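Q: Quick note on numbering: the sequence shown equals residues 4 to 260 in this note's numbering. All C-beta atoms in this analysis are idealised placements derived from N, C-alpha and C, irrespective of residue type, glycine included. All figures in this text were calculated on a predicted structure; none of them were measured in a lab.
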Amino acid sequence: GYTVGAVSLRGPGLRFPFPPDFAARITGARIVAVRRRAKYGIIVLEGAPAVLFHLGMSGRFLLEPPPFPAPGPHDHAALHLVSPLGAPLRLTFRDPRRFGSLDLLPDAAAADHPRLRDLGPEPLSITGPELRAVLRGRASPVKAALLDQRVLAGLGNIYACEALFRARISPRRRAGTIGPGRAEALAAGVRSVLADAIRAGGSTLRDHAQIGGEEGWFQRRLLVYGRGGEACVECGSPIRQFRQGGRSTFQCPACQR
4 GYTVGAVSLR GPGLRFPFPP DFAARITGAR IVAVRRRAKY GIIVLEGAPA
54 VLFHLGMSGR FLLEPPPFPA PGPHDHAALH LVSPLGAPLR LTFRDPRRFG
104 SLDLLPDAAA ADHPRLRDLG PEPLSITGPE LRAVLRGRAS PVKAALLDQR
154 VLAGLGNIYA CEALFRARIS PRRRAGTIGP GRAEALAAGV RSVLADAIRA
204 GGSTLRDHAQ IGGEEGWFQR RLLVYGRGGE ACVECGSPIR QFRQGGRSTF
254 QCPACQR
C-alpha cells in the first residue's frame, strides 16, 4: 500500500479550518483502506488518525502520476503518496466552491464524531420496513425527508427525484403516509438508482468527475431529473419542475401519486 510521504495545504481550510498539525499527524502513515459513511469518505491510516472528508458541492479528488503539474487555483490540499513498489502519486483535493472539508478522525470506526453521530441509515442497504420506520410520523413531503441526512444518510437531490419516480411516488406526498407497499418500492428505488449510478461513474452535470478525471455518464439515463417540460419516458406526460425546500424537484404527475 501507499504511504503518505508529505502533505501540502494551501490556505487555512475549506468549509471548516484544517485541524491543527493536520499534515504532521498523518505524514509517514500507510493507507490501509478507504471507507464511506453517508456523504463522507474515510481514508484509514495505520498508526495515525483517519482522514475524514466531504466533497461538498464541487469537490473531487484527483489521483495524478508524475510529472505533477503545478497546483491549480482550486487545489487546496494534496497527499503525496509513495510506495516501494511503484512510482509516487499525488492525491489532490480540488474544490472550486469550497464547500468541502478535510478533518481527522481519531478512530476510523468512531460513530460519535460531531459530523457522523446524527446520520441516518445507509441508502444502499435500506429495507422497506427500515425506511417506513424512519418516515413514520413525519409531516414533511417525502422528498424533503429523503434529503434529511438524519432520516437517510447520503442521498442527494438527483437520486431522490429518480428513486421517487422509480417507486411511482409523488415527491409532495407526506412522508408519514408512506405505507408498507410504497416503503418497499421506495427502498428498492433508492437502492437501484444508486447502484446504477455507481456503475455509471456518477452524474456529471457541472462539477462531478471520477478520480482519474473522467466524467460520469449516468446523466444520460436520468428519467425525470433535469427533464422539466419533456415527455415522460413511461406515459408521455410532460415532466413537471418545481421548487421544494430551495431545491429543484422533477415529477411525472401522471405516474407519481
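Keeping to the same chain, check which residues put their C-beta closer than 7 angstroms to that of HIS57; ignore five residues upstream and five downstream.
A: Excluding residues within five positions, the ones whose Cβ falls inside 7 angstroms are LYS42, TYR43, GLY103 and SER104.
Q: Between the beta-carbon of SER61 and the beta-carbon of PRO99, is there less than 7 angstroms?
A: yes
Q: Pull up the DSSP beta-bridge partners for SER173, would you.
A: BP columns for SER173 are empty, so no partner.
Q: Ordered along the chain, which non-local residues of its own chain (more than five positions away) have a Cβ less than 6 angstroms from that of PRO256?
A: Closer than 6 angstroms at Cβ, skipping near neighbours: ARG243.
Q: State the Cα-Cα distance for the pair ALA178 and GLU165, rounded to the nearest angstrom.
A: Counting only the Cα atoms, GLU165 lies some 16 angstroms from ALA178.
Q: Kindly provide the ranges of any beta strand (DSSP E) runs that are 3 or more residues long and lie completely inside the stretch 177 to 256, ordered along the chain.
A: 243 to 247 and 250 to 254
Q: What residue range is occupied by the uninterrupted alpha helix (DSSP H) comprising ALA148?
A: 145 to 150
Q: Is LEU84 helix, strand or coil when you go by DSSP?
A: Strand.
Q: Within the same chain, show all residues whose beta-carbon is closer than 6 angstroms to that of GLU237, passing over the 5 residues directly before and after it, in chain order.
A: CYS258
Q: Thinking ARG279 and LEU134 are a contact (beta carbons under 8 angstroms), I'd like their distance in whole angstroms, please.
A: Lying before the first or after the last residue shown, residue 279 is absent from the chain, which here runs from 4 to 260.
Q: Applying the criterion that 16 or more other CB atoms from any shown protein chain within 10 Å of the CB defines a buried residue, is ALA198 buried or exposed?
A: That one is exposed.
Q: Does the distance from the CB of LEU189 to the CB of ILE172 come in under 7 angstroms?
A: yes
Q: If you draw a straight line from the C-alpha of VAL154 to the C-alpha of ARG139, how long is it?
A: In a straight line, the C-alpha of VAL154 is about 10 angstroms away from that of ARG139.
Q: Compare the C-alpha of VAL10 against each of ARG38, LEU94, PHE19 and ILE34 and name the closest.
A: LEU94
Q: Please report the residue range of the beta strand (DSSP E) in which GLU49 lies.
A: 43 to 49
Q: With burial defined as no fewer than 16 other Cβ atoms inside 10 Å of the residue's Cβ, what is the status of SER240: buried or exposed?
A: exposed
Q: Could you tell me the distance, in whole angstroms, from the CA atom of GLY71 to the CA atom of HIS83?
A: The sequence given here places Phe at residue 71; Gly does not occur at that position. Roughly 10 angstroms separates the two Cα atoms.
Q: VAL37: buried (16+ other C-beta within 10 angstroms of its C-beta) or exposed?
A: exposed
Q: So what's GLU125 in DSSP terms, helix, strand or just coil?
A: GLU125: coil per DSSP, three-state reduction.
Q: If you draw a straight line from the C-alpha of PHE253 to the C-alpha of PRO69, how long is it?
A: Straight through space, the alpha carbons of PRO69 and PHE253 are spaced by roughly 44 angstroms.
Q: Just tell me which of ASP106, VAL137, THR130 and SER143 has its CA closest to the CA of LEU12.
A: ASP106
Q: Less than 8 angstroms between C-beta atoms, sequence neighbours within five positions excluded: which residues of the same chain meet that for TYR5?
A: ARG33, ILE34, LEU84, VAL85, SER86 and LEU92
Q: Measuring CB to CB, does ILE45 end up less than 7 angstroms from ALA51?
A: no
Q: Assuming contact is defined by CB atoms lying nearer than 7 angstroms, are SER206 and ILE161 in contact in what I supplied?
A: yes
Q: Whose CA, out of LEU119, PHE64, GLU67 and GLU49, lies closest to the CA of ARG28?
A: GLU49
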